[in-house]
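In the numbering used here, the protein residues as written are 254 to 719.
Before any comments, here is the structure.
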Amino acid sequence: MSLQLRDTLSGERRPFAPIDPKRVGVYSCGPTIYGPAHIGNFRSFLFADLLVRWLRASGYPTTWVVNLTDIDDKIIRASKAEGIEIRPLTDRWEAVFRSDAAALRMTTPDHLPRATEHIDEQVNLVTKLLEREIAYRTEDGSIFFRIAAWPAYGKLARLDPEAMRVGERVEADEYTKDDVRDFVLWKAAKEGEPAWDTSIGRGRPGWHLECSAMSMRYLGESFDLHTGGIDLIFPHHEDEIAQSEAATGKSFVGTWLHCAHLHVSGDKMSKSLGNIARVSDLLASGVDPRALRLALISAHYRTALNYTDDSLPAATAALERIDAFAAALTARRAVAANAAERVDAAKVAASTAWDRFAAAMDDDLAVPEALAALFDLIREGNRLLVDGCGADGASALAATLERMDAVLALLPGASELPSGAAQLLEARIAARAAKDFAASDRLRDELATIGVLVEDGRDGQRWRLK
RNA sequence: GGCGACGUACCCAAGUGGUCUAAGGGGGGGGUCUGCAAAACCCCUAUUCGCCGGUUCGAAUCCGGCCGUCGCCUCCA
């Protein structure tokens with residue numbers, strides 16, 4: 254079986270057929286860097302991370318682009334409110350985003366382009382649309398996309414353009430469009446707002462424009478996969494398709510993937526409910542980023558994820574189960590005796606688990622099923638360890654665990670013992686050899702205070718970081 | 001009003017026509033192992049999938065109605 258994905262545009266699940274298997278392009282709508290990202294934002298980014306990791310694990314060289322929106326109304330407002338320029342403001346929040354992303358083990362994208370650093374590309378796109386008379390200029394110098402000139406408009410969101418005239422919410426903006434449905438490509442310069450002098454006039458780009466321009470800049474006029482939150486389907490992605498395809502005459506994106514929203518205890522996350530959980534706040538309060546990652550990837554991307562007070566404790570407990578298994582495998586691999594025992598059974602368990610895991614990921618990124626494969630491997634592996642499975646068997650299990658973790662990224666990193674811990678561990682081994690349990694227990698407590706959990710099993714003492 | 005999604009155990013969450021008397025994680029109860037602790041393993045914790053009808057040899061899965069929750073309908077991941 255190969256990768257199957259559910260495409261928003263066609264509404265179909267179908268085999269992933271890259272334009273060029275040697276160079277798969279993924280574009281994900283990234284953050285607007287004017288404040289801290291919340292867990293809902295990161296649910297969507299981590300979904301894209303899993304997609305990219307799975308593509309790479311499947312042998313597709315993949316280029317991942319995540320844009321940073323660094324010019325828009327909210328940013329302008331924030332910069333005025335704080336009395337600072339836009340650049341230092343967005344630099345600050347870009348740093349927070351990168352830090353959050355790294356903590357949550359999001360793969361670093363190959364490109365993190367900023368809208369303000371790709372003005373030329375955006376202007377070129379608008380120029381093409383003007384030449385084709387699909388875009389028009391209003392009296393103040395703003396430029397709009399003429400929806401009436403693009404019959405396919407509404408195909409992604411399954412909206413009827415005609416119906417959109419009815420019950421329209423008249424925007425309280427000061428731009429004069431030909432048609433209320435038309436969306437802005439270029440906003441004419443206004444007093445007190447940032448603006449660029451360009452061949453299409455002085456102004457700044459509209460929101461949708463940057464994603465079309467930058468995705469095509471890094472991935473080509475047609476590329477494979479485009480991701481985002483479900484709320485971006487309309488108007489953002491609808492507009493991206495319209496302006497891109499109208500400009501190039503080519504199909505813009507092969508497969509559209511949209512991530513459902515995260516709810517908090519059954520409610521929408523919103524300012525009025527005061528239930529917005531920011532990643533940086535959670536991390537600052539001592540939340541284990543691995544546990545947060547697990548909590549955010551544990552539901553299938555197309556279903557709403559309910560984040561509750563139990564989510565993090567549950568994820569933490571699940572993670573400890575994974576950690577304990579990894580530590581037990583390491584301990585067994587260090588034991589030379591019984592090396593040949595149960596090796597075949599371990600190899601079968603490992604390959605069965607991997608096949609199930611891979612089939613799950615191929616099935617439209619069925620992470621819950623992939624996690625089930627992981628936890629069943631852990632149970633079966635623990636059984637084999639109890640049965641005396643040898644070092645070679647433990648190695649086979651460990652190899653599969655690591656292979657899965659290249660996708661899930663949940664295992665502890667290269668374990669670095671706190672200073673002094675190695676000596677304490679040595680001393681404890683000696684104490685236990687001498688049956689000095691008082692000293693052994695004291696050393697265990699001491700190690701616990703510096704974050705090293707020590708457990709005793711048939712393979713001797715093993716440890717993991719708390 | 002239009003379009004769409006969802007309702008599975010105490011919590012999270014898969015499954016979408018038979019292998020389901022429903023995966024996996026957490027939590028809870030019991031047991032085994034063990035110097036202690038922890039980890040681990042075993043058993044139990046939904047004969048039932050919002051409610052009511054229908055289709056079918058057979059439905060959590062399809063159809064209809066009802067109840068409830070939610071999303072989008074111009075800048076929110």
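Note that CB positions come from ideal geometry on N, CA and C, so glycine has one too.
Item, Value
"Residue span of the beta strand (DSSP E) that contains Y287, given as start and end", "Looking at the DSSP string, Y287 is not in any beta strand (DSSP E), and its letter there is neither H nor E."
"C-beta contact flag for E463 and A368 at 8 Å", "yes"
"Residue closest to R259, alpha-carbon to alpha-carbon, out of H479, W317, I272, G527", "H479"
"For A571, the nearest candidate out of V601, R632, L382, S281 (CA to CA)", "R632"
"Inter-residue spacing [alpha-carbon to alpha-carbon] between P542 and K600", "32 Å"
"R399 versus S452 - alpha carbon distance", "20 Å"
"Nonlocal neighbours in the same chain, by C-beta distance under 8 Å from Q257, ignoring five residues either side", "R266, R267, P268, F269, D615, D616, D617"
"Beta-carbon separation (whole angstroms), V319 vs S281, contact threshold 8 Å", "5 Å"
"Per-residue DSSP class, three states only, for W439", "strand"
"Environment of V433 [buried if 16+ CB atoms lie within 10 Å]", "exposed"
"Paired residues, beta bridge with P366 - DSSP", "Per DSSP, none; premise fails for P366."
"Residue from S693, A626, A625, M467 with nearest C-alpha to G278", "M467"
"Residues that T315 bridges to, as DSSP identifies them", "V277"
"L696 Cβ short of 7 Å to the ligand NAD heavy atom set", "In terms of ligand content, the structure shown is empty, and the ligand NAD therefore cannot be addressed."
"Local conformation of A687 per DSSP, three classes", "coil"
"Exposed unless 16 or more other CB atoms sit within 10 angstroms - verdict on L545", "buried"
"Residue ranges of each alpha helix (DSSP H) within the segment 530-577, 4 or longer", "532-537, 542-550"
"For K397, the three-state DSSP class (helix, strand or coil)", "This sequence places Phe at residue 397; Lys is not what is there. Three-state DSSP puts F397 in a strand."
"CB of P289 within 8 Å of CB of V532, strictly", "yes"
"Boundaries of the alpha helix (DSSP H) in which F610 is found, first to last residue", "596-615"
"Opening and closing residue of the beta strand (DSSP E) in which E392 lies", "Taken as a continuous stretch (DSSP letters only), E392 belongs to no beta strand (DSSP E), as it is neither H nor E."
"Proximal residues to P314 (C-beta, below 8 Å), its chain only, five neighbours per side dropped", "K275, R276, V277"
"Sequence-distant residues of the same chain with beta carbon closer than 6 Å to A441, five excluded per side", "D393, G394, S395, G456"
"Three-state class that DSSP yields for F487 in the structure shown", "helix"
"Rounded Cβ spacing between F298 and A348 (contact assumed at less than 8 Å)", "Not a contact, Cβ separation roughly 16 Å."
"Distance, A568 Cα to I575 Cα", "11 Å"
"Where Q714 sits in the DSSP three-state scheme", "strand"
"Cα-Cα separation, L624 to A606", "10 Å"
"Candidates G473, A626, R715, of which the one nearest S551 by Cα", "A626"
"Touch test, the segment 373-391 against the segment 499-507, Cβ-Cβ under 8 Å, three pairs minimum", "yes"
"Span of the alpha helix (DSSP H), counted from its first residue to its last, around F628", "620-639"
"Validate contact between the segment 639-653 and the segment 679-695 using beta carbons, cut 8 Å, 3 pairs", "no"
"Cα-Cα separation, F397 to N377", "15 Å"
"Alpha-carbon spacing of L535 relative to S564, whole angstroms", "13 Å"
"CA-to-CA distance, F436 to F505, given in whole angstroms", "18 Å"
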